[in-house]
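Enquirer: In this note's numbering, the protein residues as written are 7 to 293. Glycine included, every Cβ here is placed at the ideal spot set by N, Cα and C. These numbers were taken from a predicted model, which means no experiment stands behind them. Okay, here's the structure, questions in a sec.
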């Protein structure tokens, strides 16, 4: 009887030990399955991120093409505000490309150690890296083109400013020359006439007379203040305010007439060019 009891106890202990071992193996298998699922989920997530990166890189290429078209179409007529906007867009794309490069490096490290790693995946990553490098080069070229355009525009602006300065100088010189010409023309058309009786003319040394001597006119230091200044182009009539008048200077005959108006003498210049051809001075003696 005692022997039977001992055998039963031993059998129970053996059964308990086997059950514990199976439970431990089951727990280990479950943990392995969970780890595999987590690893697979992480790998799938990384793959999905990689596919998303493919779409982002394609979108980035479209952005670059749009900027290229803008520069090609509006390069000659763009405003400073547009140039600044393009510069900001280029800087933003450059920053985005750098972020994508870092993200691709991170995904490459993760996927290389995952269960999804294979030659196709490596080729995809290499292709994406090449596209990012190509886009980086293109955006650098765009920036260089924009800088070159800015330099060219600045040079043109400087040339325009210089031309404006030249035009301003030439205009000022032309105006000055025109003014000088007008002044010279006015001076060349100045004429002077004096009207007075014999005593007044002698007193102002306009005429000199003597016994048995021919009258001298406008010789020596005569008084120029006694003369009236006029313009040959507009002077056509001189009121003499006298009943008698005689022209003493050598104005050509036929270039003027002396008429009567209301009992007073009036000198009319009928041919100004001829009248003033010999002298710019006119002396008329009245009584």
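1. Do residue 203 and residue 291 come within 8 Å of each other at the CB atom, strictly closer than that value?
2. Please check the pair residue 234 and residue 262, which I expect to be a contact at CB under 8 Å, by giving their CB distance rounded to whole angstroms.
3. Answer yes if the stretch 272–285 comes into contact with the stretch 235–248, meaning at least three C-beta pairs across the two stretches below 8 Å, and no otherwise.
4. Considering residue 204, what are the terminal residues of the beta strand (DSSP E) in which it resides?
5. Grab the span of the beta strand (DSSP E) containing residue 251 for me, first residue to last.
6. Report yes or no: do the stretch 168–176 and the stretch 206–223 share at least 3 C-beta pairs separated by less than 8 Å?
7. What did DSSP end up calling residue 259 once you bin it into helix, strand or coil?
8. Candidates 129, 279, 116 and 212: which alpha carbon is nearest residue 253's?
9. So, is residue 114 buried or exposed, given that buried needs 16 or more other C-beta atoms within 10 angstroms?
10. Where do the ends of the beta strand (DSSP E) carrying residue 236 lie?
11. Mind checking whether residue 138 and residue 106 have CB atoms under 8 Å apart?
12. Counting only the same chain and skipping the five closest in sequence on each side, list residues whose C-beta sits under 6 Å from that of residue 281.
13. Spell out a yes or no on whether the stretch 142–151 and the stretch 90–103 are touching, meaning 3 or more CB-CB pairs, one atom from each, closer than 8 Å.
14. Count the other CB atoms within 10 Å of the CB of residue 289; is the residue buried (16 or more) or exposed (fewer)?
15. Is there at least one non-hydrogen atom of the ligand ZN closer than 7 Å to the beta-carbon of residue 164?
16. From residue 208 to residue 184, what distance separates their C-alpha atoms?
17. The alpha helix (DSSP H) that contains residue 279, what's its start and end?
18. Taking the straight line between their C-alpha atoms, what separation do you get for residue 135 and residue 127?
19. So what's residue 212 in DSSP terms, helix, strand or just coil?
20. Within the continuous beta strand (DSSP E) that includes residue 245, where are the two ends?
21. Please report the distance separating the alpha-carbon of residue 163 from that of residue 93.
22. Out of 228, 197, 167 and 61, which has the shortest C-alpha to C-alpha gap to residue 103?
23. Please state the DSSP three-state secondary structure of residue 225.
24. Take residue 237 as the anchor and find which of 205, 216 and 191 has the nearest alpha-carbon.
25. Sorted by chain position, which residues of the same chain lie with C-beta nearer than 7 Å to residue 265's C-beta, five sequence neighbours on each side aside?
26. Going by alpha carbons, who is nearest to residue 205 out of 293, 239 and 159?
27. For residue 144, collect the residues of the same chain with a Cβ closer than 6 Å to its Cβ; drop the 5 residues on either side in sequence, then sort them by chain order.
Expert: Quick look at the numbers:
1. Cβ atoms of residue 291 and residue 203: closer than 8 Å.
2. About 16 Å separates the two Cβ atoms, so there is no contact after all.
3. Contact between the stretch 235–248 and the stretch 272–285 is present, because at least three Cβ pairs lie under 8 Å.
4. Where residue 204 is concerned, there is no enclosing beta strand (DSSP E), although the alpha helix (DSSP H) it sits in stretches over 204–209.
5. Note, residue 251: beta strand (DSSP E), 251–253.
6. When C-beta atoms of the stretch 168–176 are compared with those of the stretch 206–223, fewer than three pairs fall below 8 Å, so the two segments do not count as touching.
7. Under the three-state reduction of DSSP output, residue 259 falls in the coil class, being neither helix nor strand.
8. Closest option to residue 253, Cα to Cα, is 212.
9. Residue environment analysis places residue 114 among the buried positions, since at least 16 neighbouring C-beta atoms fall within 10 angstroms of its C-beta.
10. In this chain, the beta strand (DSSP E) harbouring residue 236 covers 234–237.
11. Yes, they are a contact pair.
12. So the list reads 257, 261, 262 and 275, once near-sequence residues are dropped.
13. Yes: the two stretches touch, three or more of their Cβ pairs being nearer than 8 Å.
14. That one is buried.
15. In terms of ligand content, the structure shown is empty, and the ligand ZN therefore cannot be addressed.
16. Each residue's Cα considered, the two are about 42 Å apart.
17. Residues 278–281.
18. A direct Cα-to-Cα measurement between residue 135 and residue 127 gives close to 12 Å.
19. Looking at residue 212 - three-state DSSP - the assignment turns out to be coil, as it is neither helix nor strand.
20. It spans 243–245 - the beta strand (DSSP E) in which residue 245 sits, taken as one unbroken run.
21. Cα to Cα, the separation comes out at about 20 Å.
22. Closest by alpha carbon: 61.
23. DSSP, read as helix, strand or coil, puts residue 225 in coil.
24. Comparing Cα positions, the closest option is 191.
25. Within the same chain, residue 265 has close Cβ partners 272 and 274.
26. Closest option to residue 205, Cα to Cα, is 293.
27. Excluding residues within five positions, the ones whose Cβ falls inside 6 Å are 70.
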